[in-house]
Amino acid sequence: MVSAIILAAGKGSRMNSDIPKQFMKVNDKPVIYYCLKSFSKANVDEIVIVTSEEYISYCNELVAEYKIKNVKAVINGGKERYDSVFNGLRSVNGAEDDVILIHDAARANVSFALINSITKEVYKSGAAIPVVPVKDTIKIVEDGKVVNTPLRSSLNIVQTPQGFNYGAIFKAYMKMQTENHDGITDDSMVMEIYGDLPVKTVLGDYSNFKITTPEDIKQFMSLKLDD
Ligand code: CTP
Ligand code: MG
Numbered sequence: 007m008v009s010a011i012i013l014a015a016g017k018g019s020r021m022n023s024d025i026p027k028q029f030m031k032v033n034d035k036p037v038i039y040y041c042l043k044s045f046s047k048a049n050v051d052e053i054v055i056v057t058s059e060e061y062i063s064y065c066n067e068l069v070a071e072y073k074i075k076n077v078k079a080v081i082n083g084g085k086e087r088y089d090s091v092f093n094g095l096r097s098v099n100g101a102e103d104d105v106i107l108i109h110d111a112a113r114a115n116v117s118f119a120l121i122n123s124i125t126k127e128v129y130k131s132g133a134a135i136p137v138v139p140v141k142d143t144i145k146i147v148e149d150g151k152v153v154n155t156p157l158r159s160s161l162n163i164v165q166t167p168q169g170f171n172y173g174a175i176f177k178a179y180m181k182m183q184t185e186n187h188d189g190i191t192d193d194s195m196v197m198e199i200y201g202d203l204p205v206k207t208v209l210g211d212y213s214n215f216k217i218t219t220p221e222d223i224k225q226f227m228s229l230k231l232d233d
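Residues in the sequence shown are numbered from 7 upward in steps of one, following my numbering.
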């Protein structure tokens with residue numbers, strides 16, 4: 007079985023908007039609609055939406071209005087992204103060998119083809135994330151001074167959905183609770199630090215960017231959305 011956790015419990019502080027970015031309207035539809043549509047088109051058996059308490063009933067209404075199939079539950083998130091993921095993992099109740107996909111609702115332009123190719127790799131190797139090569143040279147800067155230039159050819163931008171064997175990622179998240187885990191920004195890091203499976207990479211899409219700042223929402227609006 008393949009389950010997906012859609013993360014929509016953030017406040018979107020970098021967007022400077024009155025409502026969280028995942029609920030801002032683009033083409034008359036909330037941002038979260040676009041990824042839900044891709045997940046319902048992909049080979050995914052059940053979807054859990056994680057959001058903040060005040061948006062739970064709104065999300066249930068959206069699911070009904072847009073007839074998003076396979077949504078099993080809309081649940082409460084946590085303070086940090088990893089807290090929201092952990093709530094999602096506990097609500098899924100999957101079997102050890104199930105596939106779990108973890109996706110940022112703010113990554114609205116995800117394709118169902120990418121979702122399926124991550125799933126395929128997880129069935130093969132247990133852990134997979136989408137990446138795209140960095141195009142620019144990246145510098146490590148401290149106090150306004152360059153201290154290092156990492157080799158560009160090994161640098162990649164990481165996206166979601168990140169996919170894992172359910173038993174393995176659940177075990178890693180359980181271990182993480184017992185240790186200091188500040189600075190964890192994605193699920194792959196949880197597997198890298200607390201888990202025991204190597205994380206494979208799959209080529210993502212440059213258009214699968216995360217809507218984070220006002221420039222990003224403008225870019226998303228300008229994409230020709232055919233629905
Ligand atoms: N997220 C979540 N629970 C949190 C924090 C974030 O479910 N406690 C979700 C967001 O809703 C988003 C995804 O995780 O879909 C990626 O997080 P990010 O882009 O950082 O979103 P925000 O935390 O909402 O934005 P910001 O960091 O600018 O406040
Ligand atoms: Mg955040």
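Every residue gets a Cβ at the ideal spot worked out from N, C-alpha and C, and that includes glycine. All values reported here derive from a predicted model rather than from experimental measurement.
Within a 10 Å sphere around the beta-carbon of Ser194 sit 16 or more other beta-carbons, which makes this residue buried.
With a 10 Å radius around the Cβ and a threshold of 16 neighbouring Cβ atoms, Lys130 comes out exposed. The C-alpha of Val128 is placed about 34 angstroms away from the C-alpha of Asn33.
Here Thr155 carries a coil assignment [DSSP, helix/strand/coil].
Secondary structure in the region 107-188: the alpha helix (DSSP H) runs of 4 residues or longer, each lying completely within the stretch, are 118-131 and 172-183 in chain order. A contact between stretches requires three or more CB pairs, one per stretch, nearer than 8 angstroms, and the region 41-58 meets this requirement with the region 113-127. Put simply, the region 221-228 does not touch the region 163-175. Fewer than three CB pairs are less than 8 angstroms apart. Looking at the backbone, the Cα of Leu161 and that of Gly16 are separated by about 27 angstroms.
CA-to-CA, the gap between Ser97 and Lys145 works out to about 40 angstroms. In the three-state DSSP reduction, Leu229 falls in the coil class, being neither helix nor strand. Within the model, the alpha-carbon separation for Pro136 versus Gly210 is close to 5 angstroms. By the criterion of a C-beta distance shorter than 6 angstroms, Val138 is surrounded in its chain by Ile163, Gly210 and Tyr212, once the five residues flanking it on both sides are discounted.
Inclusion of Asn82 and Glu59 in the CB contact set at 8 angstroms is warranted, their separation being smaller than that value. The same chain holds no residue with a CB closer than 6 angstroms to that of Phe215 once the five nearest residues on each side in sequence are set aside. C-alpha of Met7 to C-alpha of Val152: approximately 47 angstroms in a straight line.
Around Glu185, the same chain offers Tyr200 as residues with beta carbons nearer than 8 angstroms, after the five sequence neighbours per side are excluded.
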